[in-house]
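As structure tokens, the structure follows; a few thoughts come after it.
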Amino acid sequence: MESKKMCLGLFTGSVDKLTAAGVVISGAAAMDMKVDIYVLLQGARAFRKDIGDDAGKLQMAENPALKEEFMESLKNLKVKTWVEFFREAKEITDVKIHICGLAGKIWGGEKLDDFIDLADDICGIGAYLSSAEEADINLFI
Amino acid sequence: MTAEELQGLKVTKSVDARGTACPGPLLEAKKAIGTIMPGEIMEVLSADEGTKVDIPKWCTKQGHEYLGTIEESGYFRIFLKKS
Numbered sequence: 001m002e003s004k005k006m007c008l009g010l011f012t013g014s015v016d017k018l019t020a021a022g023v024v025i026s027g028a029a030a031m032d033m034k035v036d037i038y039v040l041l042q043g044a045r046a047f048r049k050d051i052g053d054d055a056g057k058l059q060m061a062e063n064p065a066l067k068e069e070f071m072e073s074l075k076n077l078k079v080k081t082w083v084e085f086f087r088e089a090k091e092i093t094d095v096k097i098h099i100c101g102l103a104g105k106i107w108g109g110e111k112l113d114d115f116i117d118l119a120d121d122i123c124g125i126g127a128y129l130s131s132a133e134e135a136d137i138n139l140f141i
Numbered sequence: 142m143t144a145e146e147l148q149g150l151k152v153t154k155s156v157d158a159r160g161t162a163c164p165g166p167l168l169e170a171k172k173a174i175g176t177i178m179p180g181e182i183m184e185v186l187s188a189d190e191g192t193k194v195d196i197p198k199w200c201t202k203q204g205h206e207y208l209g210t211i212e213e214s215g216y217f218r219i220f221l222k223k224s
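Residue numbers (this note's numbering), protein chains in the order written: chain Z, 1 to 141; chain A, 142 to 224.
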């Protein structure tokens, strides 16, 4: 059986939505899906080497006042950080992380090396849409 | 299978995922299934309510046979046979 393919447009740079994306791709990994992630605008900032898991540098997408409660609950429930979710999914299944070139430049990342080691390449919108066209599941977070 | 039949199964691999929330138990199951042979039985222990829905669905998609769930005090024992 050929594995299903998921294409995720990851626009967000918010810690709550990045965590949700991490849970979704973990599920995809458990189901042996092939996952292509296209990291767009705000997402590329979160993927910068000096940001990543540093939640102090990330905002909440929903109700900023709840950030402290959210982070505390994640810790108590032993939920992985968003970067750990992405890393584990990559270890289990074929997950490729593509950084949008324009987004990278906006946040001062010109080269692959400027981003956390999970990023596979820097690409353009054509690559994203080609992948989206072929995917069984398309998500935009 | 009845709870009694499930109790009597010879379990090759027991995965204790009670310390993790979703998607932890599913990922633990995914990692452990590779360590047993087709026809062997695995149980997943989870305190996460969602797992008893997730694992049967996952079995259907992956082709494994879901055998049933026993509800213990504060956690679930979910049984499946590897295809």
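Glycine residues also receive a C-beta, built at the ideal position from the N, C-alpha and C atoms.
Residue i - containing beta strand (DSSP E), residue span
i	result
D121/Z	121 to 123
N76/Z	Taken as a continuous stretch (DSSP letters only), N76/Z belongs to no beta strand (DSSP E), being part of the alpha helix (DSSP H) at 67 to 76.
K222/A	216 to 222
V39/Z	34 to 39
L58/Z	First-last for L58/Z: undefined, no H or E at that position.
I211/A	206 to 213
D53/Z	Neither: D53/Z is in no beta strand (DSSP E) and is coded neither H nor E.
E184/A	182 to 187
Nearest neighbour of residue i, chosen from the options [CA to CA]
i	options	result
E206/A	E169/A, I174/A, D157/A, G149/A	I174/A
R48/Z	M31/Z, A61/Z, I106/Z, L129/Z	I106/Z
S3/Z	I141/Z, D136/Z, F140/Z	D136/Z
E62/Z	D120/Z, C123/Z, Y128/Z, T19/Z	T19/Z
K96/Z	R45/Z, S131/Z, I125/Z, V15/Z	S131/Z
T81/Z	A127/Z, A21/Z, L129/Z, P64/Z	A21/Z
V15/Z	G43/Z, E91/Z, Y38/Z, I37/Z	G43/Z
P197/A	L208/A, G160/A, S187/A	L208/A
P164/A	S214/A, V194/A, K202/A	V194/A
Y142/Z	G27/Z, M31/Z, M6/Z	Residue 142/Z is absent from the model: chain Z starts at 1 and stops at 141.
I177/A	K154/A, S187/A, W199/A	K154/A
L118/Z	P64/Z, D53/Z, F70/Z	D53/Z
G215/A	W199/A, L186/A, K223/A, C200/A	L186/A
T161/A	Q148/A, E190/A, M142/A	E190/A
G204/A	D157/A, I182/A, K222/A, E146/A	K222/A
S224/A	T143/A, E145/A, E181/A, R159/A	E181/A
C200/A	E213/A, D157/A, E184/A, A144/A	E184/A
Where the alpha helix (DSSP H) through residue i begins and ends
i	result
E2/Z	Where E2/Z is concerned, there is no enclosing alpha helix (DSSP H), given that its DSSP letter is neither H nor E.
F85/Z	82 to 92
C100/Z	Element bounds for C100/Z: not the alpha helix (DSSP H) but the beta strand (DSSP E), 95 to 100.
D117/Z	Segment: none, D117/Z is in no alpha helix (DSSP H) and carries neither H nor E.
I25/Z	15 to 30
E145/A	144 to 148
G165/A	165 to 174
V194/A	192 to 203
Rounded distance between the beta-carbons of residue j and residue i, thought under 8 Å
i	j	result
V35/Z	T93/Z	7 Å
F217/A	L150/A	No, F217/A and L150/A are not in contact; Cβ-Cβ is about 15 Å, not under 8 Å.
I141/Z	F11/Z	7 Å
K172/A	M31/Z	Not confirmed; about 13 Å, so no contact.
G13/Z	Y128/Z	Wrong, their Cβ atoms sit about 17 Å apart, outside the cutoff.
E88/Z	L168/A	7 Å
Listed by chain order, chain Z residues near residue i by CB distance under 8 Å
i	result
K202/A	M31
E193/A	Note that residue 193/A is Lys in the sequence shown here, rather than Glu. Going along chain Z, no residue has its Cβ under 8 Å from K193/A, so there is no contact; the nearest lies around 15 Å.
Listed by chain order, chain A residues near residue i by CB distance under 9 Å
i	result
N77/Z	Per the sequence shown, residue 77/Z should be read as Leu rather than Asn. T161, A162, listed in chain order.
E110/Z	Those do not exist, as E110/Z stays about 34 Å from chain A at its closest Cβ, beyond 9 Å.
Partner residues on chain A for residue i, Cβ-Cβ distance less than 8 Å
i	result
S26/Z	P164, L167, L168
E69/Z	Correct list: empty, because the minimum Cβ distance to chain A is about 16 Å.
V35/Z	What V35/Z touches in chain A: nothing, since even the nearest Cβ is about 14 Å away.
I92/Z	L168, K171, K172
V23/Z	C163, P164
E88/Z	L168
Any non-hydrogen atom of the ligand NAD closer than 6 Å to residue i Cβ
i	result
M178/A	Here there are no bound small molecules, and the ligand NAD is not part of this structure.
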